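In the UniProt record's numbering, the protein residues as written are 1 to 920.
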């Protein structure tokens, strides 16, 4: 529905109707639409479309009484000529639009030729049919009826659907009072037209309709045959009788003019009565209009001022651009996001910025979005991550609950009528997927973020995409996925302009300039030393700063105790057991391969190294039990988010390599220069960073910035620009932009890498990924290692802080019951240390697990609780529970059995069984 009640002039009406025609025609993939102009007030200020249909052919009466064109439009054609229209007087002239606004005299507007899709009629077997030079327009749009809705009368509310073949083949082409092509076709077919006993009219009528159906289908233009339309109406009729105890219908209009008695509607008794809202006939506008200036006043033309061609061209370009911007504001786009780390929010805001060039775009967190508005959206874009093993982010749970209820309500009703079921074989598969549902008017697309390290990759994004589709939404693009492990940014940059292009085409906003402006928004704003700065200020409390940075309610708690569950000798016992297991597996592989292949020992050893990674040998084994004193409410199965600190030696190493960092302990605020385009020009202002708090530089790099994740290609490009060593510049630039087969990153040497050398260096890859991904997976370097590898790089402190990602909280399953340990949260944490490069690289430390390993009793710790509603014990305490942990952590099960034991001892009894296999 195009709401054009703001229009006040005939030129505004014409622009709106052009948009209606373009949108509905949709290159032959016809879409239903209604355009609503201002309602009737006192009957003297009506808005009207004088044309009975938006598209129709002119009819000219010849002196001999014959008609050139469509006889049905002779009278209206004469009215158009009286208004000053100068026709070409051909068989297929498209009539102009005659429009009147606010009760004023009408104006006429010629429709652009490219706006009207016409279909030349051909026959699959009769070659001579094409020589008849018959055609018809593809869009049936009724424009002369009155829309009565909610007590208001809309005198101009044109609407359209798509054609049924008999409307063209029987009524328009073969009716005696229309083009009357029945006898000419019969004569071409060689039929005897002298006697009705040959049934020549029936035979010719069938072939004309067959030609119409063939012509539309062969060009992939939407049309429906009368048999399918009749079956569809009967399904609708039955649904209405069941749901509303009646269905008003006019038998004369419903029964098709061809093969009526062989369609089910012919035998259906119908009751014709009026319901509101309704479309009703109204008097022809040219017969009731009261002329303000007199009937022939428009024939007296005032002297016209002459304009040069350049002036006209500029005016046309200017008005076209104004119309384009006005049209953009009328089409609403809503961008929704659900996030745990802030990445989805960042992408959603970038998407909102892109769509703002052509749509009235707004961005909401799923938690803040009014779910009742979803069925009224025109365009819905969702960017969401997945939490843990397929769960929704915390701010997406309410969305799931609300839509699941809608989906459940749909499942309890009969299968809804397929909007395009009546178009079997007449439309593309994409249209055939559309179904009626609560979201049948919503176009949507989903970008899902996730990590392929988890088995349920992008599970929540897939769920949202399926849910919107099942509720009747029209999918603009298939689900797009961004993998945190590889190429997530590139996937988004590829998807965003594509979904913008498709959305513009769908809503008929395809403009090359608009698309270019929007895609420029994809480019990250260029940050430089002149656009970022630190300013001294007052420091914020850590918990408040963390809350602001991560949009969570963070609490400062106290560590009541920290215990290593393995003890002092656990590492050596584990190491000895691993060595035995390792060499036993190695021996098995050697014997197996020798029995099947004639391989030497060198090849066998290389194969076994690939099969059993050596990096595990260098890992120490420690599991910490941390007791946290807190009054935060929780249930067994919930998670606790812990905000860790980066290792001090890493922080100090990075700070020592920054360019002029200043006093590291003085509180500073990171500010970024923003440019705002106003009527007075570009206004530049310094604004605080939207997420990073005011604190000292040492605190910023310790608590708020992620310095352990490998730098992305954008940061490496920045490093190449500040490196003073030419060789390091070249290496960094090549690393960020080259293909993986162009370089050898082993030992820090960047040389041409042949296919054989590549296979040796990257045996796990068969394709050619970017060099960055090779380097990232092979070394997984943290920021300090990169700066050590390229010592001439000394970045600006403010510029580096602005480009680093925030340090994210780490989630741990709570391993205690609030009944057993009131006022405490226990977490059981496996301490992570590992070596990269197949066990031969430097030792890397898990950020949070090692932070917890080194934490002291009574030290402050910053945490929040995240509910896991799908992972709670049943409310029925007598229900038996079986817990299975195949290679998973034991932490949540400890909470479950503590809770159930307390219930068994103090409340009600229920059995609990536990099957557990420790992780390998």
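The beta carbon of each residue, even a glycine, is placed where N, CA and C say it ideally should be.
Just so we're clear, the structure is a prediction, and the values are computed from it rather than from any experiment.
Do residue 444 and residue 467 count as a contact pair if the criterion is CB distance below 8 Å?
As a working mapping, residue 467 is identified with position 467 in the chain shown. As a working mapping, residue 444 is identified with position 444 in the chain shown. No, these two residues do not count as a Cβ contact at 8 Å.
Could you tell me the boundaries of the beta strand (DSSP E) in which residue 886 lies?
Position 886 of the chain shown, counted from the first residue, corresponds to residue 886. Taken as a continuous stretch (DSSP letters only), the beta strand (DSSP E) holding residue 886 covers 881 to 886.
Within the same chain, show all residues whose beta-carbon is closer than 6 Å to that of residue 584, passing over the 5 residues directly before and after it, in chain order.
To locate residue 584, count along the chain shown from 1; it is residue 584. In this predicted model, residue 584 has a pLDDT of only 48, less than 50, meaning its place in the structure is not dependable; the value taken from the coordinates is given anyway. The answer is none, since no qualifying residue turns up.
Could you compute how far the alpha carbon of residue 606 sits from the alpha carbon of residue 716?
Translated into the one-based positions of the chain shown, residue 606 becomes position 606. Translated into the one-based positions of the chain shown, residue 716 becomes position 716. For residue 606, the predicted model reports a pLDDT of 48, less than 50, meaning its position is unreliable; a value from the coordinates is still stated below. Their Cα atoms are separated by approximately 33 Å.
Go to residue 347, then tell me how far its alpha helix (DSSP H) extends in each direction, as first and last residue.
Within the chain shown, numbered from 1, the residue matching residue 347 stands at position 347. It spans 343 to 355 - the alpha helix (DSSP H) in which residue 347 sits, taken as one unbroken run.
Kindly indicate which three-state DSSP category residue 237 falls into: helix, strand or coil?
The residue you call residue 237 lines up with position 237 of the chain shown. The answer is helix: DSSP assigns residue 237 an H, G or I state.
If you draw a straight line from the C-alpha of residue 765 to the C-alpha of residue 778, how long is it?
The count along the chain shown starts at 1 and reaches residue 765 at position 765. The count along the chain shown starts at 1 and reaches residue 778 at position 778. At residue 765 the pLDDT is 38, less than 50, meaning the model places this residue with poor confidence; the figure from the coordinates comes in the next sentence. Going from the Cα of residue 765 to the Cα of residue 778 covers about 11 Å.
Would the beta-carbon of residue 83 fall within 8 Å of that of residue 98?
Position 83 of the chain shown holds residue 83. Position 98 of the chain shown holds residue 98. Closer than 8 Å, so yes.
Can you tell me whether residue 684 is helix, strand or coil according to DSSP?
For the purposes of this step, residue 684 is identified with residue 684 of the chain shown, where counting begins at 1. Strand.
Provide the residue span of the beta strand (DSSP E) that contains residue 564, from first to last.
Counted from its first residue, the chain shown places residue 564 at position 564. Counting along the chain, the beta strand (DSSP E) containing residue 564 begins and ends at 555 to 564.
Taking DSSP as the reference, what is the three-state secondary structure of residue 154?
If you number the chain shown from 1, residue 154 lands on position 154. In this structure, residue 154 counts as strand in the three-state DSSP scheme.
Outcome for residue 131 when other beta-carbon atoms lying within 10 angstroms are tallied against a minimum of 16
Along the chain shown, read from residue 1 onward, the residue named residue 131 stands at position 131. That one is exposed.
Of the residues 150, 125 and 21, which one's Cα is nearest the Cα of residue 112?
The residue labelled residue 112 in the question sits at position 112 within the chain shown. For residue 112, the nearest C-alpha among the options comes from 21.
Please go through the stretch 792 to 857 and give each complete alpha helix (DSSP H) segment of 4 or more residues, from N-terminal end onward.
797 to 803, 836 to 839 and 847 to 853
Any alpha helix (DSSP H) of 4 or more consecutive residues that is wholly inside the stretch 6 to 83
10 to 25 and 74 to 82
Where residue 151 falls, given that 16 or more other Cβ within 10 Å makes a residue buried
Counted from its first residue, the chain shown places residue 151 at position 151. With fewer than 16 other Cβ atoms within 10 Å, it is exposed.
Could you name the residues of the same chain whose beta carbon sits closer than 8 Å to that of residue 62, not counting the 5 residues immediately before and after it, in chain order?
For this step, residue 62 is matched to residue 62 along the chain shown. Same-chain partners within the cutoff: 68.
Would you call the CB atoms of residue 824 and residue 815 closer than 8 Å?
On the chain shown, position 824 is the one that residue 824 refers to. On the chain shown, position 815 is the one that residue 815 refers to. No, the Cβ-Cβ distance between residue 824 and residue 815 is not below 8 Å.
Can you tell me where the beta strand (DSSP E) with residue 171 in it begins and where it stops?
Reading the chain shown from its first residue, position 171 is the one you call residue 171. Counting along the chain, residue 171 falls outside any beta strand (DSSP E), and DSSP gives it neither H nor E.
Residue from 811, 706, 10 and 857 with nearest C-alpha to residue 803:
The residue given as residue 803 occupies position 803 in the chain shown. It is 706.
Whose C-alpha, out of 642, 696 and 784, is nearest the C-alpha of residue 828?
Within the chain shown, numbered from 1, the residue matching residue 828 stands at position 828. Ranking 642, 696 and 784 by Cα distance to residue 828 puts 642 first.
On the three-pair Cβ rule with 8 Å, is the stretch 650 to 661 touching the stretch 867 to 882?
no
Have a look at residue 637 and residue 847 and give me their C-alpha separation to the nearest angstrom.
As a working mapping, residue 637 is identified with position 637 in the chain shown. As a working mapping, residue 847 is identified with position 847 in the chain shown. Taking the straight line from one Cα to the other gives about 23 Å.
Taking contact to mean 3 or more Cβ pairs, one atom from each stretch, closer than 8 Å, check whether the stretch 202 to 214 and the stretch 165 to 172 are in contact.
yes
Figure out for me which residue from 190, 484, 645 and 833 has the closest Cα to the Cα of residue 809.
The count along the chain shown starts at 1 and reaches residue 809 at position 809. Ranking the options by Cα distance to residue 809, first place goes to 645.
Residue 272 and residue 250 look like a contact to me (Cβ under 8 Å); what is the Cβ gap, rounded to whole Å?
Start at 1 with the first residue of the chain shown, and residue 272 comes out as number 272. Start at 1 with the first residue of the chain shown, and residue 250 comes out as number 250. Yes, they are in contact, since the Cβ atoms of residue 272 and residue 250 sit about 5 Å apart, within 8 Å.
Beta-carbon spacing of residue 447, residue 391 below 8 Å:
Here residue 447 refers to the residue found at position 447 of the chain shown. Here residue 391 refers to the residue found at position 391 of the chain shown. Not in contact: residue 447 and residue 391 (Cβ atoms no closer than 8 Å).
According to DSSP, simplified to helix, strand and coil, what is residue 278?
Translated into positions along the chain shown, residue 278 becomes position 278. Correct three-state label for residue 278: strand.
What residue from 813, 844 and 726 has the CA that sits closest to residue 791's CA?
One-based indexing of the chain shown puts residue 791 at position 791. Closest by alpha carbon: 726.
Taking C-beta to C-beta, are residue 883 and residue 896 nearer than 8 Å?
Locating residue 883 in the chain shown gives position 883, counting from the first residue. Locating residue 896 in the chain shown gives position 896, counting from the first residue. Their beta carbons are under 8 Å apart, which means residue 883 touches residue 896 by this criterion.
Report the rounded CA-to-CA distance for residue 928 versus residue 479, giving the unit in angstroms.
The displayed coordinates of the chain run from 1 to 920. Any statement about residue 928 would go beyond what the structure contains.
Assign residue 332 to one of three DSSP states: helix, strand, or coil.
For the purposes of this step, residue 332 is taken as residue 332 along the chain shown, with counting starting at 1. Three-state result, residue 332: strand.
Determine the DSSP secondary structure at residue 128, reduced to helix, strand or coil.
Start at 1 with the first residue of the chain shown, and residue 128 comes out as number 128. Residue 128: helix per DSSP, three-state reduction.
Stretch pair the stretch 146 to 161 + the stretch 229 to 249: three plus CB contacts closer than 8 Å
no
Around the C-beta of residue 668, are 16 or more other C-beta atoms found within 10 angstroms, so that it is buried, or is it exposed?
As a position in the chain shown, residue 668 is number 668, starting the count at 1. With 16 or more other Cβ atoms within 10 Å, it is buried.
Under DSSP, the alpha helix (DSSP H) around residue 897 begins and ends at which residues?
By 1-based counting over the chain shown, the position of residue 897 is 897. Segment 891 to 906, the alpha helix (DSSP H) holding residue 897.
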